[in-house]
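Enquirer: Mind looking over this structure? Questions follow.
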Amino acid sequence: MNTLDFLQHNFSALMERIDRLGEKVDRISSSTCEERDPKWLNVIELQAYLPSHPKKQTIYSWTSSRLIPFHKKGRSIMFDKNEIDAWLQDSEHMKSLSDLEREANDFVKNKHLKTK
345 MNTLDFLQHN FSALMERIDR LGEKVDRISS STCEERDPKW LNVIELQAYL
395 PSHPKKQTIY SWTSSRLIPF HKKGRSIMFD KNEIDAWLQD SEHMKSLSDL
445 EREANDFVKN KHLKTK
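In structure tokens form, the structure reads like this:
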């Protein structure tokens, strides 16, 4: 095999590898773009999606208090599933047992004071 044949053969093999690499990059790129595209949920869909299946009024309360990530689309409230997943993973919105106990005690004290 002379030098020219050797170079042509190696060049062809290199081009094939580049093509395969390009196909892999395209597949990875398209799958990450799909993950970033939001999947929108309305209130009813969010209600079904959340593990606690809260009432619609509870969800509206969370949005008015800005406790949950949401977007306004015209007059509709929409939720990005990726943001909701991140919100569920973030424990800051969850109350600890001591917070719940404190709130319960405060509620009982206030109720007791109002009845006197």
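Start counting at 1 in the sequence shown, then tack on 344, and there's your number in our numbering.
Glycine included, each C-beta is placed from N, C-alpha and C at the ideal position.
#1: Where does residue 412 sit, in a helix, a strand or coil, going by DSSP?
#2: Taking just the CA atoms, how far does residue 389 sit from residue 431?
#3: Measuring CB atoms only, is the segment 421–431 touching the segment 382–400, in the sense that at least three cross pairs come out at less than 8 Å?
#4: Does the beta-carbon of residue 362 have 16 or more other beta-carbons within 10 angstroms, so that it is buried, or is it exposed?
#5: Let me confirm a value: residue 403 is counted as buried when at least 16 other C-beta atoms fall within 10 Å, else exposed. Which label applies?
#6: I need the boundaries of the alpha helix (DSSP H) containing residue 429, first residue and last residue.
Expert: For this structure:
#1: Position 68 of the sequence shown, counted from the first residue, corresponds to residue 412. Three-state DSSP puts residue 412 in coil, outside helix and strand.
#2: Along the sequence shown, one-based indexing puts residue 431 at 87. Along the sequence shown, one-based indexing puts residue 389 at 45. C-alpha separation (whole angstroms): 16 Å.
#3: yes
#4: The sequence position of residue 362 within the sequence shown is 18, counting from 1. Exposed, by the Cβ-count rule.
#5: Translated into the one-based positions of the sequence shown, residue 403 becomes position 59. Classification of residue 403: buried, given that the 10 Å Cβ count is 16 or more.
#6: As a working mapping, residue 429 is identified with position 85 in the sequence shown. Residue 429 -> alpha helix (DSSP H) spans 425–433.
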